[in-house]
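Residue numbers (the UniProt record's numbering), protein chains in the order written: chain A, 1 to 227; chain B, 1 to 227.
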DNA sequence: GCAAAAGTGTTATTGGTACACCCATGG
DNA sequence: CCATGGGTGTACCAATAACACTTTTGC
């Protein structure tokens with residue numbers, strides 16, 4: 001018998017908000033199986049598009065969102081992961097900044113929403129497992145590459161970065177030591193501006209210097225933030 | 001038009017020999033396209049088998065080999081990577097010990113051989129690229145997990161481990177410091193036996209204590225051999 | 001006895017960790 | 001004036017890096 005395996009892509013898109021912590025973008029399914037269940041955005045790959053194109057297309061169609069970082073996560077291929085057909089899914093994970101985090105309303109009829117990774121609903125297929133793998137990967141990635149900057153506003157107070165690391169790595173970290181370490185790398189610039197949010201002293205804004213970061217990286221620098 | 005994408009697996013199997021360095025297992029293709037060209041072992045996934053089963057089956061059929069470590073590498077899905085059909089390939093990389101490294105002769109008619117990663121022949125499809133990705137991954141993996149032991153004999157002289165790291169990370173390392181670091185982790189046991197190979201003083205044999213390793217790992221130990 | 005590989009300790013420097021008080025603002 | 005979050009420096013300890021000579025064997 002000839003091969004009858006379908007290929008799909010699924011995307012685990014992470015957003016971050018200092019109040020809410022890390023969230024994942026979910027949609028409700030329009031069709032059986034798992035109709036009306038929450039699921040990862042994704043769908044079948046078209047014959048002439050690349051996997052990345054497929055992910056970006058689905059994200060646009062289903063959630064009206066553009067990610068600014070996208071990386072392949074893992075390919076899930078157990079024969080029974082879809083109850084109807086054999087479908088292997090190439091999963092990606094993406095990161096979006098807070099401003100894209102506000103979903104544009106004009107997407108399809110289906111529901112789209114952010115869910116904190118601490119309070120996920122029941123998910124279709126093996127999507128819970130895929131999300132778990134993505135979270136682990138993001139944690140690992142964060143520990144040796146400053147991808148966190150893709151989740152923050154272009155200009156942000158230092159405490160946002162700190163909170164991001166704390167919420168994702170889920171353990172305390174020393175404010176002074178953390179700042180010392182990050183600033184020592186030299187890819188983070190302190191700006192003249194400040195902002196104030198709620199109570200307390202206004203906070204200086206910082207921005208990530210990508211150019212400097214890539215220079216350091218070229219020179220074989222290791223960013224091991226094994227915090 | 002309905003989807004007509006095929007799913008295959010390809011395997012980058014690494015072997016190691018202290019004399020030869022790190023090698024990759026290649027086969028010659030029986031059919032067009034790229035007939036008689038060197039290529040990675042692999043082939044189409046069957047409808048009812050998992051991706052891992054497919055890799056292991058192909059390795060058995062095409063090269064008569066069993067790997068003792070297998071991990072998914074990346075999924076390659078560019079529309080034009082196969083000149084005839086659209087085929088996405090889920091690539092795996094595997095490690096074998098020297099004794100499996102000797103290929104059993106009774107495989108199919110096609111050629112099977114090891115090639116040093118320093119002297120690879122021209123490869124079919126995008127297999128050169130896949131091998132490059134696998135090498136990078138192995139280097140990275142080696143730096144934070146002792147997978148190297150899967151490449152060495154059960155009992156081995158310390159210098160084999162040292163040579164493995166040197167050849168793969170391609171820079172000098174201090175014998176004393178390296179040994180100090182590895183032995184400090186506590187998952188490597190010194191045996192009473194020695195062997196002698198060629199000239200020079202006989203070398204003590206060592207063996208990897210997997211149980212101890214997993215204990216340490218459970219306790220959140222980090223093996224960062226950023227050498 | 002010489003060539004070849006194995007084995008072994010000490011010191012200096014660096015980076016990591018622990019730790020507590022003052023500052024600027026809004027209400 | 002007080003509550004809230006922002007900002008900062010030092011001292012100790014642990015890990016890393018640099019470094020060269022001796023031992024055991026085969027030939």
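Virtual Cβ for every residue (Gly too), placed ideally from N, Cα, C. Owing to the predicted nature of the structure, the values given are computational and were not obtained by experimental measurement.
Exercise. Smallest Cα separation from residue 228/A: which of 132/A, 225/A, 33/A?
Worked result: Nothing in the structure corresponds to residue 228/A, since chain A is present only between 1 and 227.
Exercise. Mind checking residue 174/B: buried by the 16 CB within 10 Å criterion, or exposed?
Worked result: exposed
Exercise. Checking contacts by CB at 8 Å: is residue 169/A closer than that to chain B?
Worked result: no
Exercise. What whole-angstrom Cβ distance do residue 191/B and residue 155/B have, given they're in contact under 8 Å?
Worked result: 6 Å
Problem set entry | Listed by chain order, chain B residues near residue 5/A by CB distance under 7 Å | 7, 45, 47
Exercise. In chain A, which residues lie with their C-beta within 9 Å of the C-beta of residue 90/B?
Worked result: 75, 77, 88, 90
Exercise. Are residue 13/B and residue 96/B touching if we call contact CB-CB under 8 Å?
Worked result: yes
Exercise. Among all the DSSP beta bridges, which residues are the ones paired with residue 231/A?
Worked result: One cannot answer for residue 231/A here, as it falls past the ends of chain A, which runs 1 to 227.
For this session: Report the residue from 77/B, 1/B, 3/B, 2/B whose alpha carbon sits nearest the alpha carbon of residue 9/B.
Result: 77/B
For this session: Would you verify that the beta carbon of residue 166/A is, or is not, closer than 8 Å to some beta carbon of chain B?
Result: no
Exercise. Can you tell which of 40/A, 144/A, 182/A, 19/A has its C-alpha closest to the C-alpha of residue 198/A?
Worked result: 19/A
Problem set entry | Proximity test, Cβ basis, 8 Å: residue 70/A and chain B | no
Exercise. Count the other CB atoms within 10 Å of the CB of residue 89/A; is the residue buried (16 or more) or exposed (fewer)?
Worked result: buried
For this session: Measure from the alpha carbon of residue 138/B to the alpha carbon of each residue in 180/B, 153/B, 70/B, then state which is nearest.
Result: 70/B
Exercise. Grouping DSSP H, G and I as helix and E and B as strand, with all else coil, what is residue 83/A?
Worked result: coil
For this session: Mind checking who residue 23/B pairs with in its DSSP beta bridge?
Result: 15/B, 116/B
Exercise. What are the partner residues of residue 8/B, as DSSP defines its beta bridges?
Worked result: 44/B, 89/B
For this session: Determine the DSSP secondary structure at residue 137/B, reduced to helix, strand or coil.
Result: helix
Problem set entry | C-beta neighbour in chain B for residue 109/A, strict 8 Å | With a pLDDT of 49 at residue 109/A, under the threshold of 50, the predicted position of this residue should be treated as unreliable, though the coordinate-derived value follows. Chain B, which has no Cβ nearer than 8 Å to the Cβ of residue 109/A, makes this no.
Exercise. Taking Cβ positions, are residue 47/B and residue 86/A nearer each other than 8 Å?
Worked result: yes
For this session: Consult DSSP for residue 62/A and reduce its assignment to one of helix, strand or coil.
Result: helix
Exercise. Which class does residue 178/B belong to by DSSP, given the choice of helix, strand or coil?
Worked result: helix
Exercise. How big is the Cα-Cα spacing for residue 257/A and residue 179/A?
Worked result: Residue 257/A lies beyond the range of chain A shown here (1 to 227); nothing can be said about it.
Exercise. So, helix, strand or coil for residue 98/A, using DSSP?
Worked result: helix
Exercise. Under 8 Å between the Cβ atoms of residue 39/B and residue 123/B?
Worked result: yes
Exercise. Which residues in chain A sit within 7 Å of residue 183/B, going by Cβ to Cβ distance?
Worked result: Going along chain A, no residue has its Cβ under 7 Å from residue 183/B, so there is no contact; the nearest lies around 21 Å.
Problem set entry | From 44/A, 15/A, 206/A, residue whose alpha carbon lies closest to that of residue 6/A | 44/A
Exercise. What is the DSSP secondary structure of residue 54/A, reduced to helix, strand or coil?
Worked result: helix
Exercise. If we ignore side chains and look at the alpha-carbon of each, how far apart do residue 170/B and residue 161/B end up?
Worked result: 14 Å
Exercise. Quick one: is residue 58/B buried, meaning 16 or more other Cβ sit within 10 Å of its Cβ, or exposed?
Worked result: buried
For this session: Tell me, please, which residues DSSP counts as bridged to residue 204/A.
Result: 194/A
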